[in-house]
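Letter by letter, the sequence shown follows residues -8 to 591 in the working numbering. No residue lacks a Cβ here, since even glycine has one placed at the ideal position from N, Cα and C. Report on the following structure.
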Amino acid sequence: MTDTLIDRRDLAFQLYEVMDTEALTQRERFSEHSKDTFDAVIETADKMAKEKFANHNSAADKDEPKFVNGQVEMLPDVKQAFDAYAEAGFLAGRYGYDLGGMQLPESVMAACNGFFTAANPGTAGYPFLTTAAANLIRVFGNEEQKTKFLPNMLSGRYSGTMALTEPHAGSSLADIRTSATPTDDGHYLIKGAKIYISGGEQSITENIVHMVLAKIKGAPAGVKGISLFIVPKFHVDENGNPGERNGVSLAGLIHKLGYRGTTSTALSFGDDAPCHGYLVGEPHQGLKYMFQMMNEARIGVGFGAAVIGYRGYMHSLEYAKDRLQGRKASEKNPESPQVPIIDHADVRRMLLAQKAYSEGGLALCLYGARLMDDQHTHPDEQKRMEAGKLLDLLTPVIKAWPSEFGPKANDLAIQVYGGAGYTREYPVEQCWRDNRLNPIHEGTNGIQALDLLGRKIWQDQSHGLQLLMQEMQVDLQAATTDRCQQWALSLSETLQQAVKVTQSLGKSLMGGEVDKTLANASCYLHLFGHIIVSWMWLRQANAAANALASANSDSERNFYQGKLQAAQYFFHWELPTVAQDLVLLRNQDDTCLNMKADWF
-8 MTDTLIDRRD LAFQLYEVMD TEALTQRERF SEHSKDTFDA VIETADKMAK
42 EKFANHNSAA DKDEPKFVNG QVEMLPDVKQ AFDAYAEAGF LAGRYGYDLG
92 GMQLPESVMA ACNGFFTAAN PGTAGYPFLT TAAANLIRVF GNEEQKTKFL
142 PNMLSGRYSG TMALTEPHAG SSLADIRTSA TPTDDGHYLI KGAKIYISGG
192 EQSITENIVH MVLAKIKGAP AGVKGISLFI VPKFHVDENG NPGERNGVSL
242 AGLIHKLGYR GTTSTALSFG DDAPCHGYLV GEPHQGLKYM FQMMNEARIG
292 VGFGAAVIGY RGYMHSLEYA KDRLQGRKAS EKNPESPQVP IIDHADVRRM
342 LLAQKAYSEG GLALCLYGAR LMDDQHTHPD EQKRMEAGKL LDLLTPVIKA
392 WPSEFGPKAN DLAIQVYGGA GYTREYPVEQ CWRDNRLNPI HEGTNGIQAL
442 DLLGRKIWQD QSHGLQLLMQ EMQVDLQAAT TDRCQQWALS LSETLQQAVK
492 VTQSLGKSLM GGEVDKTLAN ASCYLHLFGH IIVSWMWLRQ ANAAANALAS
542 ANSDSERNFY QGKLQAAQYF FHWELPTVAQ DLVLLRNQDD TCLNMKADWF
């Protein structure tokens, strides 16, 4: 059974040959780094992920956390992995030297975290949430909050969560009821309940820092009245050390299809004891602040979906090369040797689809990470602004596309295994179960579709969309080989049709036909996502075609040819599927909108 989590050759290709990540070392923030240091930290992540995370992935799935006598019991391996991750500096990897960090680019940190998630999504959830919560405090917290919480979170003493969802409200944050009452002592009393809180209770850190959305009495209705609070599991003294228990209690553990190693909790605030919360920033601005963590988490979810899909692909590829079964259709002799199933065209179809989805999703997420680097560190202020606009536009796609097609890759991996694929003896069924969560959490894919078509496309007079088309044009023009030129033409023609449809939908929205226009938002997300990933494949194809001529070994030539063939698959098999989306959107099909509940 393969221990390959992500193909290192592919990762190096994407980082250095497509994105030129080494050029980041010319920026002041990363000037003490080099390609060698980037590669060294990636090597460390790969090795640690295999040794400390992959070693208990199956065990944590089978022996999920238990609620015993008011405490959560979990495998000791989870704490060992979390502590090793923290001690190696990965919790603080993206942060500045002043915070004990390694000051690494987001591009490199994303690549590193990809190994941990591919190895063990359940255990990887704890550091993922902790760094996102810490970043929220770093940006919006006051100095006292930063002093108390940041050092302990970045060292691994404390973990973090995001507590948004409530039982009655689900994704509708405007309807949350958790309240915050101010006191004369400078804190608020939090009262309410949250559900599906990942990492909300566990036995691996000394304290848990919950980032909680609540409404202060008298706040405006809806999302405009939401504030953000730091609510620690244990009270913290002025030096950041934990003290007595705060009024946060575990109401129960939720048992899931996948990601079983990450606790999913129902939490109550202020039921058994007063629950102290500390306001972050200004009152009623909480959702704006939380969107930083949510968007960061959405990008992380997309990356996780891509690498779990990738992990399943690696398993099924190895299996297909080793498993002997049947003969080629042209072979008439029943006594001839059986062939590896990879010799069958239909198996190659399934492997090509997985390769296209996994490597395309990885490329998309790494591009998003690079936009984060450019947004914060590009020396040109105009470029920083443009990167931010592009990232904002693409965040729904970065979250939703891999989380739709990552599980599809895992489904195909199971199919490659045949009957063995859905047994617990092989790892691909767990990959699918883990990945099936990703289209749902951090905003369902339906919500991402509404966000894209209903808001992101039109922001700032569609400036982000204009920037995107300019970026795509660079790679369309860079397609100089015959094959790449054909694919560039296909992409360009599809893009032109998509622009016309977008303009038509914009007129409908301006005309007040909101429900009708957004009824098929999922079609728009599929159209937009496939165009973006086609672009990602064109970028890879251009780089592969240029490098192929000078490749000096069979392995290198095979690698680049594989890239070109996967690009061909995407352009021949996947991009044409958006034709149906274009028709439905062009006609503003009312099939789903006009279906009545009583007709089901």
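Reduced DSSP secondary structure (H/G/I, E/B, other) of Q406: By one-based count along the sequence shown, residue 406 stands at place 415. Of the three classes helix, strand and coil, the one that applies to Q406 here is helix, per DSSP.
Could you check how far apart the C-beta atoms of T172 and L164 are, in whole angstroms? I think they sit under 8 Å. The residue labelled residue 172 in the question sits at position 181 within the sequence shown. The residue labelled residue 164 in the question sits at position 173 within the sequence shown. With a Cβ gap of about 20 Å, T172 and L164 do not count as contacting.
Give the C-beta separation of P387 and R427 to the nearest angstrom, bearing in mind that I take them to be a contact with Cβ-Cβ under 8 Å. The residue you call residue 387 lines up with position 396 of the sequence shown. The residue you call residue 427 lines up with position 436 of the sequence shown. With 8 Å as the limit, P387 and R427 do not qualify as a contact, their Cβ atoms being about 19 Å apart.
Residue from I299, G249 and G503 with nearest C-alpha to T(-5): In the sequence shown, residue -5 corresponds to position 4, counting from 1. Out of I299, G249 and G503, I299 has the C-alpha closest to the C-alpha of T(-5).
Please list, in chain order, all residues of the same chain as K447 whose beta carbon is under 8 Å from its beta carbon, the five residues on each side excluded. As a working note, residue 447 is residue 456 in the sequence shown. D383, L384, T386, P387 and G455, listed in sequence order.
Among T169, L509, G151 and L270, whose alpha-carbon lies nearest the alpha-carbon of H201? Taking the sequence shown and counting its residues from 1, the one referred to as residue 201 is at position 210. Cα-wise, what sits closest to H201 is G151.
Distance CB(H367)-CB(Y269) smaller than 9 Å: Reading the sequence shown from its first residue, position 376 is the one you call residue 367. Reading the sequence shown from its first residue, position 278 is the one you call residue 269. Cβ distance not < 9 Å, so H367 and Y269 don't count as in contact.
May I ask you to report which of helix, strand or coil DSSP gives A171? On the sequence shown, position 180 is the one that residue 171 refers to. Here A171 sits in strand by DSSP.
Excluding five sequence neighbours on each side, which residues of the same chain lie with their C-beta closer than 8 Å to the C-beta of S275? Translated into the one-based positions of the sequence shown, residue 275 becomes position 284. It should be pointed out that residue 275 corresponds to His in this sequence rather than to Ser. So the list reads I207, A210, P211, K215, G216, I217 and S218, once near-sequence residues are dropped.
I'd like the list of long-range same chain contacts for R318, defined as Cβ closer than 7 Å, with 5 residues on each side in sequence excluded. Position 327 of the sequence shown, counted from the first residue, corresponds to residue 318. Hits under 7 Å: S327, Q329 and V330.
Is the CB-CB distance between L204 and F220 below 9 Å? Position 213 of the sequence shown, counting from 1, holds the residue named residue 204. Position 229 of the sequence shown, counting from 1, holds the residue named residue 220. Against a cut-off of 9 Å, the Cβ pair of F220 and L204 comes out as a contact.
Under 6 Å Cβ to Cβ from Q421, same chain only, skipping five residues before and after it: list those, please. As a working note, residue 421 is residue 430 in the sequence shown. Excluding positions up to five away in sequence, the list reads D52.
Counting only the same chain and skipping the five closest in sequence on each side, list residues whose C-beta sits under 8 Å from that of L248. By 1-based counting over the sequence shown, the position of residue 248 is 257. Contacts found: R424, R427 and L428.
Suppose you measure from the CA of V9 to the CA of L529; what does that come to, to the nearest Å? Sequence index remark: in the sequence shown, residue 9 carries index 18 (1-based). Sequence index remark: in the sequence shown, residue 529 carries index 538 (1-based). C-alpha separation (whole angstroms): 10 Å.
Identify, in the order they occur along the chain, each residue of the same chain with its Cβ nearer than 8 Å to the Cβ of Q71, setting aside the five sequence neighbours on each side. Looking up residue 71 in the sequence shown gives position 80. Taken in chain order, the residues that qualify are K43.
Is it right to say D263 is buried, meaning 16 or more other beta carbons lie within 10 angstroms of its own, or is it exposed? Taking the first residue of the sequence shown as 1, we reach residue 263 at position 272. Exposed, because fewer than 16 other Cβ atoms sit within 10 Å of the Cβ of D263.
Taking three-plus beta-carbon pairs below 8 Å as touching, is the stretch 555 to 570 in contact with the stretch 333 to 349? yes
Go ahead and pull the three-state DSSP assignment for T256. Against the sequence shown, residue 256 aligns to sequence position 265. Looking at T256 - three-state DSSP - the assignment turns out to be strand.
Quickly, what does DSSP pair Y149 with across the bridge? List them, please. Looking up residue 149 in the sequence shown gives position 158. In the DSSP output, where bridge partners are listed per residue, Y149 has N198.
Kindly list the residues whose CB is nearer than 8 Å to the CB of K374, restricted to its own chain and excluding five residues on each side of it in sequence; keep chain order. Mapped onto the sequence shown, residue 374 falls at position 383. So the qualifying residues of the chain are D365.
Whole-Å CB distance - C356 paired with A101, under 8 Å assumed: In the sequence shown, counting from the first residue as 1, residue 356 sits at position 365. In the sequence shown, counting from the first residue as 1, residue 101 sits at position 110. 7 Å between Cβ atoms; contact.
Under the rule that 16 or more other beta-carbon atoms within 10 Å means buried, what is C608, buried or exposed? Given that the chain is displayed from residue -8 to residue 591, the structure contains no residue 608 and the question cannot be resolved.
Where H267 falls: helix, strand or coil (DSSP): Taking the first residue of the sequence shown as 1, we reach residue 267 at position 276. Here H267 sits in strand by DSSP.
Roughly how many whole angstroms lie between the Cα atoms of T267 and G502? On the sequence shown, position 276 is the one that residue 267 refers to. On the sequence shown, position 511 is the one that residue 502 refers to. Per the sequence shown, residue 267 should be read as His rather than Thr. Rounded to whole angstroms, H267 to G502 spans 47 Å at the Cα level.
What residues match up with R236 in a beta bridge as DSSP calls it? Against the sequence shown, residue 236 aligns to sequence position 245. DSSP output for R236 lists F225 as bridge partner(s).
Tell me which same chain residues have a C-beta within less than 8 Å of the C-beta of L381, skipping the five on either side of it? Stepping through the sequence shown from its first residue, residue 381 is reached at position 390. Excluding positions up to five away in sequence, the list reads L362, G455, L458, L459 and E462.
Between the CA atoms of Y358 and D371 - distance to the nearest angstrom: For the purposes of this step, residue 371 is taken as the residue at position 380 of the sequence shown. For the purposes of this step, residue 358 is taken as the residue at position 367 of the sequence shown. The alpha-carbon atoms of D371 and Y358 are separated by roughly 19 Å.
Residue interval of the alpha helix (DSSP H) (run including F73): The residue you call residue 73 lines up with position 82 of the sequence shown. First-last of the alpha helix (DSSP H) with F73: P67 to E78.
Could you please give me the residues that DSSP links to I633 through a beta bridge? There is simply no residue 633 to check, as the chain begins at -8 and stops at 591 in what is shown.
For Y187, three-class secondary structure by DSSP: Position 196 of the sequence shown, counting from 1, holds the residue named residue 187. Strand at Y187.
Anticipated Cβ contact below 8 Å, L444 with A536, distance rounded: Taking the sequence shown and counting its residues from 1, the one referred to as residue 444 is at position 453. Taking the sequence shown and counting its residues from 1, the one referred to as residue 536 is at position 545. Actually they are not in contact, since the Cβ atoms of L444 and A536 sit about 34 Å apart, beyond 8 Å.
Whose CA, out of D442, S544, V524 and V292, lies closest to the CA of W564? Counting from one through the sequence shown, the residue named residue 564 turns up at place 573. When each option's Cα is compared against that of W564, the closest is V524.
Around the Cβ of T256, are there at least 16 other Cβ atoms within 10 angstroms (buried) or fewer (exposed)? As a working mapping, residue 256 is identified with position 265 in the sequence shown. T256 should be labelled buried.
Considering Cα atoms alone, identify which of G252, I128 and A79 is closest to F282. The residue labelled residue 282 in the question sits at position 291 within the sequence shown. For F282, the nearest C-alpha among the options comes from I128.
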